[in-house]
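There are 2 protein chains.
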Amino acid sequence: MTTRVITLKELAASLDLSITTVSRALAGHEQIALKTRERVAQAARQAGYVPNTAARTLVSGRSGFVGLVLPIRGPNLVDSFLGEFVTGLGEGLVSHGADLILATAALGHSELSVLRHVVESGRADGVVVTRIAETDERLAYLRERGFPFVAHGRLLDSDFGYNWLDTDGAHAFGEAFDMLYDLGHRHFGLVTISEAMTFRHLRQDGLAAAIARRGDPSVRLDVVTAPRFDQEARIEAVNRMLRGPDRPTAIVALFDELALTVMEEAARAGLGVPRDLSVIGFDNIAASAYAPPGLTTFDASIRHCAREIADMLLTVIAEKPGKPLTRLIRPTLVARASHGPAPRTRS
Amino acid sequence: MTTRVITLKELAASLDLSITTVSRALAGHEQIALKTRERVAQAARQAGYVPNTAARTLVSGRSGFVGLVLPIRGPNLVDSFLGEFVTGLGEGLVSHGADLILATAALGHSELSVLRHVVESGRADGVVVTRIAETDERLAYLRERGFPFVAHGRLLDSDFGYNWLDTDGAHAFGEAFDMLYDLGHRHFGLVTISEAMTFRHLRQDGLAAAIARRGDPSVRLDVVTAPRFDQEARIEAVNRMLRGPDRPTAIVALFDELALTVMEEAARAGLGVPRDLSVIGFDNIAASAYAPPGLTTFDASIRHCAREIADMLLTVIAEKPGKPLTRLIRPTLVARASHGPAPRTRS
DNA sequence: ATTGAAATTTAAAACGTTTGCATTTTTGCA
DNA sequence: TGCAAAAATGCAAACGTTTTAAATTTCAAT
Numbered sequence: 003m004t005t006r007v008i009t010l011k012e013l014a015a016s017l018d019l020s021i022t023t024v025s026r027a028l029a030g031h032e033q034i035a036l037k038t039r040e041r042v043a044q045a046a047r048q049a050g051y052v053p054n055t056a057a058r059t060l061v062s063g064r065s066g067f068v069g070l071v072l073p074i075r076g077p078n079l080v081d082s083f084l085g086e087f088v089t090g091l092g093e094g095l096v097s098h099g100a101d102l103i104l105a106t107a108a109l110g111h112s113e114l115s116v117l118r119h120v121v122e123s124g125r126a127d128g129v130v131v132t133r134i135a136e137t138d139e140r141l142a143y144l145r146e147r148g149f150p151f152v153a154h155g156r157l158l159d160s161d162f163g164y165n166w167l168d169t170d171g172a173h174a175f176g177e178a179f180d181m182l183y184d185l186g187h188r189h190f191g192l193v194t195i196s197e198a199m200t201f202r203h204l205r206q207d208g209l210a211a212a213i214a215r216r217g218d219p220s221v222r223l224d225v226v227t228a229p230r231f232d233q234e235a236r237i238e239a240v241n242r243m244l245r246g247p248d249r250p251t252a253i254v255a256l257f258d259e260l261a262l263t264v265m266e267e268a269a270r271a272g273l274g275v276p277r278d279l280s281v282i283g284f285d286n287i288a289a290s291a292y293a294p295p296g297l298t299t300f301d302a303s304i305r306h307c308a309r310e311i312a313d314m315l316l317t318v319i320a321e322k323p324g325k326p327l328t329r330l331i332r333p334t335l336v337a338r339a340s341h342g343p344a345p346r347t348r349s
Numbered sequence: 003m004t005t006r007v008i009t010l011k012e013l014a015a016s017l018d019l020s021i022t023t024v025s026r027a028l029a030g031h032e033q034i035a036l037k038t039r040e041r042v043a044q045a046a047r048q049a050g051y052v053p054n055t056a057a058r059t060l061v062s063g064r065s066g067f068v069g070l071v072l073p074i075r076g077p078n079l080v081d082s083f084l085g086e087f088v089t090g091l092g093e094g095l096v097s098h099g100a101d102l103i104l105a106t107a108a109l110g111h112s113e114l115s116v117l118r119h120v121v122e123s124g125r126a127d128g129v130v131v132t133r134i135a136e137t138d139e140r141l142a143y144l145r146e147r148g149f150p151f152v153a154h155g156r157l158l159d160s161d162f163g164y165n166w167l168d169t170d171g172a173h174a175f176g177e178a179f180d181m182l183y184d185l186g187h188r189h190f191g192l193v194t195i196s197e198a199m200t201f202r203h204l205r206q207d208g209l210a211a212a213i214a215r216r217g218d219p220s221v222r223l224d225v226v227t228a229p230r231f232d233q234e235a236r237i238e239a240v241n242r243m244l245r246g247p248d249r250p251t252a253i254v255a256l257f258d259e260l261a262l263t264v265m266e267e268a269a270r271a272g273l274g275v276p277r278d279l280s281v282i283g284f285d286n287i288a289a290s291a292y293a294p295p296g297l298t299t300f301d302a303s304i305r306h307c308a309r310e311i312a313d314m315l316l317t318v319i320a321e322k323p324g325k326p327l328t329r330l331i332r333p334t335l336v337a338r339a340s341h342g343p344a345p346r347t348r349s
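Sequence order for the protein chains is A and B. Using the numbering used here, you'd call the opening residue of the first sequence number 3 and step up by one each time. Using the numbering used here, you'd call the opening residue of the second sequence number 3 and step up by one each time.
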């Protein structure tokens, strides 16, 4: 039991070569005779030699790891985001021989403190930052530190450049508006959240911009806001919009969970979707395909974005490019059955 | 920019103490004068000292990491399992100061080879293994190596002990049968998969055992099998059961995705759920709450299990217990609207 | 003041690699 | 055969910790 792991020293001894030569041979240095390189490679393979990560990291200053601080999550939060995201990151990293470190913030510790620890303990060569808040101390810290990172999402405005990849929510919400407008809708509702995340502004602004672009003064937009994680308040907010004397004919929700609530509450209020009300969401979570009549939404392909982020980060680590890398991914419309022509008569 | 990280040497110099003393002071050794310990702690905090992981790992032989090899996933697989699992692991690990390493298998590399690399490179002090297959080379490898691990799931039979935590699918499927039997059902269907995973046997055996326990010869069980990831074959298999001349009145699916397919195909065949057909799933995925009429299923609380697994693994690493640690978690029934009394007349 | 024990601190080795520089071996050519 | 240049290999330091064993300081009791 408890098989020992072979070290470079032992491997070198068994080949009657110096540690140096074996190390260089395995690294494929040209200066080592080809014949030797092959001999070493063969022996290493046969002995099952795997270099010790800690030793290598210590001397080279590169850990081969990329860090991700797990967002703190409520106890009952269930979604596929994290799974898809780490899967995508893993796929992007593995082709370059890198791996992922997931650090969790303990109760009472901020996400920032965990990030600092990851950075300053030398565990990772770079980090990925998600869920960008309106004023995000993590970006400021990483920037000041000069530590390689890529953000998934953007700040609204910043006085410094940084690497980011974002889903073009603004474009999607504009596209949603245009589609609904062409279906005859003129009275719109937006269900959004109060959490101080930047994506809510980007999406709302995209919707507003599309409305302005159209230049039709008869277009009207109502907005209701709910706390992100309070299901009851969410339902109440939705009903404020649905049960009012003059409700919109089309509701765009900031993301699918909200859209599903809208559909449920619409059903409860006796409204047919899409006959009386069109609903459009964002994210294309699995449930949106099952919730009747099938939610029309946008797919942001998290997994693909994450893979891209991994590529970007590895580039940043390896090449330290002078200009920030940025990438805006356009989500694709998933047209299901929750949108349709505006009802003829206004209630 | 690019702030340097302070080392123990520098910290020691600034305190006019030796590296040894500072190291011990930070570790809280009693042998260092309390006054000194406090002085050091204060200086370390103020200087933002964080020990270098690689150096510490190299000398101590402990990395403070736990490894998880990401299951290889099809391109369109979307579920919440992975996200919940790593969240739970993270929660369990962080209280002991450990973190998680996620290693991905590159295309063409087996999960086993990645596991070997994680183990033999000294990146992790222990690993978690999920999705146990009928004959699982990973367990054999870890066992032979004497490397600490905890399996999420079990082998059907093994000639050696190992640490595992499993969801008691057998019990759940028995419970499902009993409930349906009491509702008058006598003709049952089981929709399962052909993949060589142990959980399918455990659940099916649990169902069979419950039937045997009841001892009613009029009970009948039909079984159909589909490949796990082939949606078309899955639909075909389900229809084989639904459209036959003599269909079951209650169908138990190995997991929710299959149950949702059953409900969709039932609707397409003009069958009412639960009027004509009762359906029960397993896993309680998010979509099961939205798919009409609401799927009755079992919740395995992945996140909680994962936290428990993390605890177990840390115990194994720290204490090397003589007897294997094992834990069977009973899933809870989530009664929604997809089950009901058996229809009066048999078709 | 002296002494021995207890309390506190330190020097130095070790962990397993990479790498700058030095050394040895081989090769081509006279 | 001898010699310089090129090719191949090796020595030793370094990375930042922890830890063993030893050294120093402090202190109470004489």
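Beta carbons are placed, not taken as given, at the ideal position from N, Cα and C, and that holds for glycine.
Item: Integer-rounded CB distance, given that residue 330 of chain A should sit under 8 Å from residue 159 of chain A; Value: 16 Å between Cβ atoms; not a contact.
Item: Short CB-CB distance (under 8 Å) between residue 47 of chain A and chain B; Value: no
Item: Top-ranked residue by Cα proximity to residue 189 of chain A, from A:209, A:321, A:326; Value: A:209
Item: Contact with chain B by residue 175 of chain A, beta-carbon distance below 8 Å; Value: no
Item: DSSP three-state assignment for residue 215 of chain A, whether helix, strand or coil; Value: helix
Item: Under 8 Å between C-beta atoms of residue 13 of chain A and residue 51 of chain A; Value: yes
Item: C-beta atoms of residue 318 of chain B and residue 77 of chain B nearer than 8 Å; Value: no
Item: DSSP three-state assignment for residue 131 of chain A, whether helix, strand or coil; Value: strand
Item: Sub-8 Å separation of residue 193 of chain B and residue 260 of chain B beta-carbons; Value: yes
Item: Cβ distance (whole Å) where residue 214 of chain A is taken to contact residue 176 of chain A below 8 Å; Value: The pair is not a contact, with the Cβ atoms about 10 Å apart (cut-off 8 Å).
Item: Top-ranked residue by Cα proximity to residue 101 of chain A, from B:207, B:119, B:162; Value: B:119
Item: Interface partners of residue 294 of chain B on chain A, CB under 9 Å; Value: 292, 293, 294
Item: Selected residue, minimal CA-CA separation from residue 279 of chain B, among B:320, B:306, B:258, B:243; Value: B:243
Item: With 16 other Cβ atoms within 10 Å as the buried cut-off, status of residue 87 of chain A; Value: buried
Item: Helix, strand or coil at residue 9 of chain A [DSSP, three-state]; Value: coil
Item: Contact set for residue 64 of chain A: own chain, Cβ-Cβ below 6 Å, skip 5 residues either direction; Value: 127
Item: Local Cβ density within 10 Å of residue 70 of chain A, reported as buried at 16 or more and exposed below that; Value: buried
Item: Status (buried if at least 16 other CB within 10 Å, exposed otherwise) for residue 61 of chain A; Value: exposed
Item: Closer than 8 Å to chain B by CB, residue 28 of chain A; Value: no
Item: Residue 2 of chain B, enclosing alpha helix (DSSP H) - first and last residue; Value: With chain B running from 3 to 349 in the structure shown, residue 2 of chain B is simply not present.
Item: Test: residue 165 of chain A CB closer than 8 Å to a CB of chain B; Value: no
Item: Spatial distance of residue 268 of chain B from residue 340 of chain B (CA atoms); Value: 11 Å
Item: Proximal chain A residues relative to residue 119 of chain B, where beta-carbon distance stays under 9 Å; Value: 52
Item: Exposure label - residue 250 of chain B; buried when at least 16 CB within 10 Å; Value: buried
Item: Residue burial classification, residue 320 of chain B (beta-carbon count within 10 angstroms, cutoff 16); Value: exposed
Item: Alpha helix (DSSP H) runs contained entirely in the region 178–250 of chain A, provided each spans 4 or more residues; Value: 200–216, 233–244
Item: Those residues which DSSP pairs with residue 328 of chain B across a bridge; Value: B:166
Item: Minimum Cβ-Cβ distance from residue 310 of chain A to chain B less than 8 Å; Value: no
Item: Interface flag, residue 3 of chain A vs chain B, CB-CB below 8 Å; Value: Residue placement at residue 3 of chain A cannot be trusted, given a pLDDT of 47 that sits under 50; the coordinates are not used to answer.
Item: Residue span of the beta strand (DSSP E) that contains residue 282 of chain B, given as start and end; Value: 280–282
Item: Reduced DSSP category for residue 153 of chain A - H, G, I as helix; E, B as strand; rest coil; Value: strand
Item: Bridge partner(s) assigned by DSSP for residue 300 of chain A; Value: A:335
Item: Backbone secondary structure at residue 348 of chain A - three-state DSSP; Value: At residue 348 of chain A the pLDDT is 47, less than 50, meaning the model places this residue with poor confidence; the figure from the coordinates comes in the next sentence. Residue 348 of chain A falls in the coil class under three-state DSSP.
Item: Where the beta strand (DSSP E) through residue 105 of chain B begins and ends; Value: 101–106
Item: Contacting positions in the region 118–141 of chain B - beta carbon closer than 7 Å to chain A; Value: 119, 122, 123, 124, 125
Item: Where residue 59 of chain B meets chain A, residues with beta-carbon distance less than 7 Å; Value: 56
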